[in-house]
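Read through the structure below, which is laid out as structure tokens, and then see the notes.
Protein chains in written order, with my numbering: chain A, 1 to 258; chain B, 1001 to 1372.
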């Protein structure tokens, strides 16, 4: 599936995005590693029109000086949705993107239909999880199967700059207390995906979300670390595909979708 | 030193040395079966004084009447109060892992936290019985183990998306009494399984000791793998399984055990060996040809082995109480295990002999080896 490269001018500056597919719109919010079009995202484009915006400052795009917090980034995402997709639409957020997606669902509840949070960041208790500074440890935290990574074309300076953007949008502890206090307001049907081997987001985060979100399912993906789409693309597509197709009905076993 | 009284619940009214598998159930008389179960459960309950009582799971043969070991374990929770209950099933790759998590949790709660939960891969012929690809045995065991532990320990409902198992929302009732979960026991009768047990932080069980050097190698592999995984096994984590026959004299014990083993391997084990050889030939139950050949040879050797030879190489415990004390000390000295898993009802050894042997063990053996 070929994604078109586009830009849109929003109130605080330009936003770069990719789009592909046909069908109802779906928004994919990337991790702090930047945009990566994994196999499951490509597959989504067979049944959805997939929109993948690049958060300002990531992957070499310019920052928006007026957008320097997670709530502000969520507001910008809502503005992007207003120009591109009919509301409400399904949203998938991975890690940092999941953090943004939660703020989006808190502040703009009418814009989110089904919400998928893949190993979402932003809710780490002190002393648990987080990114290691040791490259070897970090790699094991991120991938159970690094051999499944596609050749990464991003230069190291871009990867480093992407990680630096975390501090631009959030300063302080890894537990976003303001968000934690608002989780009960996320009214949309939510699927939280946890990697059974995730070294970045601890199990307690999934449990917190399961306990606090009013309509939430928590699923562990076997033999997957932080990047489930890379480690287990087929498992990801199966459970997310069923959730998006059937909503709560995804609990009921049925014949495989065509 | 701890001791498990392990029972296979063999059907001992069959007399033909058949090799067919599965064994036709026309040889089982259900009315007599009622008496068998009553007697065997009595025998197991009588084993209080041992530290643990062991059940196990086998299918489609007179080798053992515990197709579901949890049923027998459930009976034992109500007939005993002190001994832990070790289940040397469930054959995890062959069963629904959520059902296993639930039934083990029930047993742990019913017994007041006395469950030792076996996560067994099973012996080859069970895969034919339950129509599961033997080549998937390790993958299923690995995934199901993680899933069962999750089901035991997750306080919130959760789903599981894996290669072999998909469950969209799980919350078992009850959850186990022992926290964070009951101790886990895995078979470690070869190098591959010893590594697997250590990686999963499980107790290792050499289900039936056949050679001291081989057992020593497996224990070393287990310890080395555990240390690499960040934990240190204790003697309590190492179980050695042995047949045991105790009588007043060595000669009497040897005669009974020889007859029991001949029946066990010759009559009860014939069909099982046939199916096992088929699985070894047609699947990747064991990874390499050398290992497959070694397992087949070992099965043939066991069937032909004489008791005197088995005693000499330390493979069985057999004799008067004084002799058995020496044998236990020898094995413990060589292997450093903290647990013996003892089978006294070997084949068709009469139940009266088994019971008398249990008494001799409690009165004259246990006091001499408890401190080890």
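No residue lacks a Cβ here, since even glycine has one placed at the ideal position from N, Cα and C.
- Where residue 28/A is concerned, there is no enclosing alpha helix (DSSP H), although the beta strand (DSSP E) around it starts and stops at 25 to 29.
- Counting the other Cβ atoms within 10 Å of the Cβ of residue 1348/B gives 16 or more, which makes it buried.
- In terms of Cβ geometry, residue 1172/B and residue 1101/B form a close pair [threshold 8 Å].
- With respect to the 8 Å criterion, residue 1238/B and residue 1333/B are not classified as neighbours on the basis of their beta carbons.
- Against chain A, a Cβ distance below 8 Å from residue 1169/B picks out 217, 251.
- Under a criterion of Cβ atoms nearer than 7 Å, no residue of chain A is adjacent to residue 1138/B; the nearest Cβ is some 13 Å distant.
- Pairwise C-beta distances place the region 186 to 194 of chain A out of contact with the region 157 to 173 of chain A, as fewer than three of them are shorter than 8 Å.
- Cβ atoms of residue 107/A and residue 75/A come within 8 Å of each other, at about 7 Å.
- A Cβ-Cβ distance of about 15 Å is found for the pair residue 1086/B and residue 1049/B, leaving them out of contact under the 8 Å criterion.
- Among the CB atoms of chain A, one or more fall inside 8 Å of the CB of residue 1146/B.
- Taking C-beta atoms as the reference points, residue 1174/B and residue 1120/B fail to come closer than 8 Å.
- With fewer than 16 other CB atoms across the displayed protein chains lying within 10 angstroms of its CB, residue 1131/B is exposed.
- Remark: C-beta atoms of residue 24/A and residue 89/A approach each other more closely than 8 Å.
- By the beta-carbon neighbour count (other beta carbons within 10 angstroms, threshold 16), residue 34/A is buried.
- Boundaries of the alpha helix (DSSP H) harbouring residue 1357/B: 1351 to 1360, taken from the DSSP string.
- In this structure, residue 3/A keeps its C-beta atom at 8 Å or more from the C-beta atom of residue 15/A.
- For the pair residue 204/A and residue 28/A, the Cα-to-Cα distance works out to about 24 Å.
- Counted as a single uninterrupted DSSP element, the stretch harbouring residue 160/A is not any beta strand (DSSP E) but the alpha helix (DSSP H) occupying residues 156 to 169.
- A check of alpha carbon separations from residue 1094/B across 1052/B, 1139/B, 1074/B, 1017/B identifies 1139/B as the nearest.
- For a Cβ distance threshold of 8 Å, nothing in chain A lies close to residue 1196/B: the least Cβ distance comes to about 15 Å.
- At least 8 Å separates the CB of residue 204/A from every CB of chain B.
- Ranked by how close their Cα comes to the Cα of residue 1198/B, the residues 1363/B, 1178/B, 1220/B have 1220/B in first place.
- DSSP places residue 1186/B in the strand class (E or B) of the three-state scheme.
- Its Cα nearest to that of residue 111/A, the residue 84/A stands out among 84/A, 130/A, 133/A.
- For residue 49/A, the enclosing beta strand (DSSP E) has its first and last residue at 49 to 53.
- In this structure, residue 17/A keeps its C-beta atom at 8 Å or more from the C-beta atom of residue 1158/B.
- If you draw a 10 Å sphere on the C-beta of residue 86/A, you find fewer than 16 other C-beta atoms in it, and that means exposed.
- Annotation: the region 1232 to 1299 of chain B contains the following complete segments of the beta strand (DSSP E) (minimum length 3 residues), in chain order: 1238 to 1246.
- Annotation: the region 213 to 248 of chain A contains the following complete segments of the alpha helix (DSSP H) (minimum length 4 residues), in chain order: 228 to 231, 233 to 246.
- Residue 1253/B places its beta carbon 8 Å or farther from that of residue 1193/B.
- Going by C-alpha positions, residue 43/A is about 8 Å away from residue 1/A.
- Per DSSP, reduced to three states, the secondary structure at residue 1125/B is helical.
- For residue 1155/B, the closest Cβ of chain A is nearer than 8 Å.
- Residues of chain B whose Cβ lies closer than 8 Å to the Cβ of residue 222/A are, in chain order, 1143, 1146, 1147, 1160, 1161, 1162, 1163, 1165.
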